[in-house]
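The opening residue of the sequence shown carries number 4 in the numbering used here; numbering runs sequentially from there.
Just so it is clear, CB atoms sit at the ideal spot from N, CA and C, and this is done for glycine as well.
Presented below is the structure to which this report refers.
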Amino acid sequence: MQSRITSRLTNRQKWELGLGLALIYVPIRIYMNVLQIDMPTFWHRLPLWTMEVLFSIAFFILWINVIEWLQYFTSRFLGEDFPDRYRVVNQFLMLVVAIGLAMVFNHWYRFLWHWMEAVFDKKSFEVLPITLNKTPVLKQRANTSITVMALMAEYYLAANKRVYERLQRVVINEERLQKENATANFNALKNQVSPHFLFNNFSVLTTLVETNQELSVKFINQLSKAYRYILEKSVYDSIKLATEVEFLETYMFLLMIRFENKLNLDIRISCQEKEKYSIVPLTLQLLVENAVKHNRMSASNPLLITIGVEEDYLVISNPLQVRELPESSTRLGLQNIVNRYKLLIDKPVMVDKANGCFTVKVPLLS
């Protein structure tokens, strides 16, 4: 039932369709029925033609409502897919209704036209019967034909409008569901980051307090700074690249203490680029953590992570030094980044493994 109700046109859309077709139909009908139009005739008949436009608008709106009622009736009693499964039957039914309404319209319109002409010309009201003379019959058939054509055009315009509106709702609902799903996944990932982040660093801190109290104090300060960033900034859709790089430097300090001399970071981003662009919060932290999880490192062969900007993309790369037994991972980090950026920008996140190097290109936000 919901799908049938939501596919109906609004009153405003019906008025727009009725007005648009009336402004096309009425001038054509006037051209067919009034052989000579001069300025006195134009100004004399303008009120009559204005009433004809208003009458036509009302009739076309009535026609749209009748068509909607017929479609509702066929959908309810014959199935919602009846217009699609039996398109020829449906179109034939609409044609029969259009012809019937056209006959009624022309009959009513003929009386109205002659009455208004009599009023404006100050003559007695009289409707002459249609004779079998060639000219009146052809004129009547022409009027009927143009009316049927107008009604069928209105039917197809209304149908196309309904299809377009339905398609727009499908697209909007799909985008909303994608955003809700990506947001939920990203929130779940952030909830995983916080405990995992604290657990790893508390383990390092436990050892550090016993061996180097001065460094442990600095470690605690940097840890609190990083954790505050995760709690406060991760709720935003985007953040300045400069702010994210500053957080990454804090995060890298913690990693350097944890892995000693086994990890290096090379940031090749100018101050101008840092202020110009934005990214999704925690992007760099998740990508660096992804590299650490899946690659082996040692003092003799440290893992080098390089970050730079190329053509409105943030490029994060590292040599492939795949671990034989990588750390446990949910594999959601990189995919969540891809999903988040898909909702914010048309450019895709690009992941590439080539020439012994793992590269992720993230589109920068303006």
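The three-state secondary structure of residue 347, taken from DSSP, is helix. Listed in chain order, the non-local C-beta contacts of residue 361 below 6 Å within the same chain comprise 321, 323, local neighbours out to five positions each way being set aside. Contact annotation: the segment 62-73 touches the segment 11-27, with at least three C-beta pairs closer than 8 Å. The Cβ atoms of residue 251 and residue 259 do not sit closer than 8 Å to each other.
Under DSSP, residue 364 shares a beta bridge with 318, 353. According to the DSSP assignment, residue 310 belongs to the beta strand (DSSP E) that extends over 306-313. Rounded to the nearest angstrom, the Cβ distance from residue 244 to residue 276 is 7 Å, consistent with a contact under 8 Å. Annotation: the continuous alpha helix (DSSP H) that includes residue 261 extends over 244-262.
Pairing residue 367 with residue 317 gives a Cβ-Cβ distance under 8 Å. Relative to residue 299, the option among 29, 287, 262, 223 whose CA is nearest is 262. Under the 10 Å beta carbon count, residue 301 is surrounded by fewer than 16 other beta carbons and is classified as exposed.
For the options 208, 273, 203, 288, the alpha carbon positioned closest to that of residue 233 is the one of 288. The straight-line gap separating the alpha-carbon atoms of residue 118 and residue 48 is approximately 13 Å.
Take residue 219, set aside five residues on each side of it, and the residues of its chain with a beta-carbon closer than 7 Å to its own are 208, 211, 212, in chain order.
Look at residue 40 here: in three-state DSSP terms it is coil, with no helix or strand label.
Rounded to the nearest whole angstrom, the C-alpha separation of residue 46 and residue 37 is 14 Å. Per DSSP, residue 267 is one residue of the beta strand (DSSP E) stretching across 266-271.
For residue 339, the secondary structure class from DSSP, reduced to helix, strand or coil, is helix. Where residue 215 is concerned, there is no enclosing alpha helix (DSSP H), because DSSP gives it neither an H nor an E.
Around the beta carbon of residue 343, 16 or more other beta carbons lie within 10 angstroms, which makes this residue buried. Rounded to the nearest whole angstrom, the CA to CA distance from residue 227 to residue 273 is 27 Å.
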